[in-house]
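Residue numbers (the working numbering): 91 to 468. Even for Gly, the Cβ is constructed at its ideal location relative to N, Cα and C.
Written out as C-alpha cells, the structure reads:
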C-alpha cells in the first residue's frame, strides 16, 4: 500500500495533473453546461421537431441510389478511409465494377441484398464511404420528426433514461474528448521524471517485482485521474435532481456512465503511454497519442449522435437524448469499451516485460535500434 501512495502523491502533486484538473473542470462547465436545459414535453403544432435516424429501406434505398449515381457520373466519391475526409477517384476498372454493381440495384429489391451490394461498392471505393453498413442509416436514414415522433422520444427519455441517463451520455461525450489525450501527458511526465531523477536504478534494486510496480503505477495514475471525474459525476447528478424535483431519476447514471464509458479510455491512454515511454525513454508516446486522438476525433465527427464505431477511442453521443440510437448500438458500445480495456492489459504486460529486461541488464529492442543507429553514424 505504501508504494501505491508514493505513486499516487507523485501524480497529484505534479504540474501536469494540476493542468489536467483545471482543464477538465473548465471544459465541463464551459462546454457540457452550456446546453443543459430541462427536458420538457414537446408542444403540438410547432414548425419543426428536429431530425431522427430511421433504418427504413423506403427512405434509405432511393437516397443512396441517387447519391451513388451522382458520384459515379463525376467519378468522385466522398469517403473517410483513414477517418479523414477524402475525395476518391477510381481507376477505369474499379469505376466500371462500381457501375456494374450500381446497375444491379433496384428500388424494390430485398433490403439485405441491397446492403450487401452497397458494401461491395464501399470496398471498391476503399472503405469509409457513405455506402458501408453503418453509414447507410447515418447518411440516408435521417427524417424530420413529427410531433408523434417527438412525443415518443420524450417518453423514451422519461421511461428508459429517467432523465438522468440522457444527460450522463452527453456528459461522457464531452469529457471523453479530453480523456482521450490529457492522461498521456501525465503518464509520460511521471515516467520521464523518474528517469531524470535517476529513480530507475533505485527502483530496480528494490525487492519489488516488476509486475507489482507497473500495476501499482498504472493504478495510481488512473485513480488520480478518475477521482475528479467521479466528483463531477456526483455534482452533475445533484444538478439534474434539482431540475426535476419529485421525478423518478436514476441516481447512479452519471457514475455508471463514467465507469463504463470514460474509465476504459483513461485505462487505455495511460497504459499505452507508459508502455511506449518505458520502451523508448522518450516523448514518442505523446506523438502517438496525438495521432490516435485526432484520428478518433475525426471518426467521431461522422457519428456525433451515436453509432459507437468499433475503432473509436473516444466514442461520441453529442445530443441530450438519442435514446433509441443508444439502445440500438449499446452492444457495439460495450464491445468497443471491452476492446480498449483488453488492450490496456496487453500494454501493461508489455510494460512489465520491458522493466524485466532492464532489470536483467538487457536493452530493449528499441534501445538496440538506437545503439545501432548511433554506431552507424559515427
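Next on the checklist: Less than 7 Å between the beta carbons of residue 352 and residue 262, yes or no?
Outcome noted: yes
Item to check | Alpha-carbon spacing of residue 366 relative to residue 437, whole angstroms | outcome: 9 Å
Checklist entry - So what's residue 177 in DSSP terms, helix, strand or just coil? => result strand
Checklist entry - Below 8 Å, can you find three or more Cβ-Cβ pairs linking the region 296-313 to the region 438-448? => result yes
Checklist entry - Near residue 212, what residues of its chain come up, given a Cβ to Cβ distance below 7 Å and the 5 sequence neighbours on each side ignored? => result 219, 221, 222
Checklist entry - From residue 232 to residue 225, what distance separates their C-alpha atoms? => result 11 Å
Checklist entry - DSSP three-state call for residue 480: helix, strand or coil? => result This structure leaves residue 480 out entirely; the chain is present only between 91 and 468.
Checklist entry - Using a beta-carbon distance below 7 Å, is residue 129 in contact with chain D? => result Of the protein chains in the structure, only one exists, and it is not chain D.
Next on the checklist: Can you tell me whether residue 339 is buried or exposed? The criterion is at least 16 other CB atoms within 10 Å of its CB, across all chains shown.
Outcome noted: Burial is judged here by how many other beta carbons sit within 10 angstroms of a residue's own beta carbon; residue 339 has at least 16 and is buried.
Item to check | residue 97, buried or exposed, once every other Cβ within 10 Å from all chains shown has been counted against 16 | outcome: buried
Next on the checklist: Can you give me the C-alpha to C-alpha distance between residue 125 and residue 368, rounded to a whole angstrom?
Outcome noted: 41 Å
Item to check | Span of the beta strand (DSSP E), counted from its first residue to its last, around residue 359 | outcome: First-last for residue 359: 353-370, but that is the alpha helix (DSSP H), not the beta strand (DSSP E).
Next on the checklist: Just to confirm the assignment, what range does the beta strand (DSSP E) spanning residue 233 have?
Outcome noted: Per DSSP, residue 233 belongs to the beta strand (DSSP E) from 232-234.
Next on the checklist: If contact is defined by three or more beta carbon pairs under 8 Å, each pair taking one atom from either stretch, is the region 247-259 in contact with the region 141-151?
Outcome noted: Segments in contact, no.
Checklist entry - So, helix, strand or coil for residue 270, using DSSP? => result coil
Checklist entry - For residue 338, which three-state DSSP category applies? => result coil
Checklist entry - Thinking C-alpha only, which one of 376, 128, 276, 347 is nearest residue 427? => result 347
Checklist entry - Would you say residue 374 and residue 278 are within 7 Å of each other, going by their C-beta atoms? => result no
Item to check | Whole-angstrom C-beta distance between residue 101 and residue 258, which should lie under 8 Å | outcome: About 26 Å separates the two Cβ atoms, so there is no contact after all.
Next on the checklist: Going by DSSP in three states, residue 108 sits in which element: helix, strand or coil?
Outcome noted: helix
Next on the checklist: Please report the straight-line C-alpha distance between residue 184 and residue 215, rounded to a whole angstrom.
Outcome noted: 8 Å
Checklist entry - When DSSP builds the beta bridges, which residues end up paired with residue 169? => result 176, 219
Item to check | Extent of the continuous alpha helix (DSSP H) run through residue 187 | outcome: For residue 187, the enclosing alpha helix (DSSP H) has its first and last residue at 182-193.
Checklist entry - From which residue to which residue does the alpha helix (DSSP H) around residue 246 run? => result Judged by DSSP secondary structure, residue 246 falls within the alpha helix (DSSP H) whose first and last residues are 237-246.
Checklist entry - Which value, in whole angstroms, describes the spacing of the CA atoms of residue 331 and residue 255? => result 12 Å
Checklist entry - What number of angstroms, rounded off, separates the C-alpha of residue 158 from the C-alpha of residue 165? => result 10 Å
Checklist entry - Among 343, 383, 408, which has the Cα closest to the Cα of residue 122? => result 408
Next on the checklist: If you measure between the beta carbons of residue 434 and residue 364, is that distance less than 7 Å?
Outcome noted: no
Checklist entry - Should residue 273 be labelled buried (16 or more other beta-carbon atoms within 10 Å of its own) or exposed? => result Counting Cβ neighbours within 10 Å, residue 273 comes out buried, since at least 16 surround it.
Checklist entry - Roughly how many whole angstroms lie between the Cα atoms of residue 83 and residue 431? => result Residue numbering for the chain in the displayed model covers 91 to 468; residue 83 lies beyond these limits and cannot be assessed.
Item to check | Environment of residue 43 [buried if 16+ CB atoms lie within 10 Å] | outcome: What the structure shows of the chain is the stretch from 91 to 468, and residue 43 is not part of that stretch, so it cannot be assessed.
Checklist entry - What number of angstroms, rounded off, separates the C-alpha of residue 478 from the C-alpha of residue 239? => result Outside the displayed span of the chain (91 to 468) sits residue 478, for which this structure offers no information.
Item to check | residue 324 classed as buried or exposed, judged by whether at least 16 other C-beta atoms fall within 10 angstroms | outcome: exposed
Item to check | For residue 328, the first and last residue of its enclosing alpha helix (DSSP H) | outcome: 300-333
Item to check | alpha helix (DSSP H) segment containing residue 101, residue limits | outcome: 92-102
Next on the checklist: Using only CA atoms, which one of 113, 92, 445, 95 lies nearest to residue 275?
Outcome noted: Across the set 113, 92, 445, 95, the C-alpha of 113 shows the shortest separation from the C-alpha of residue 275.
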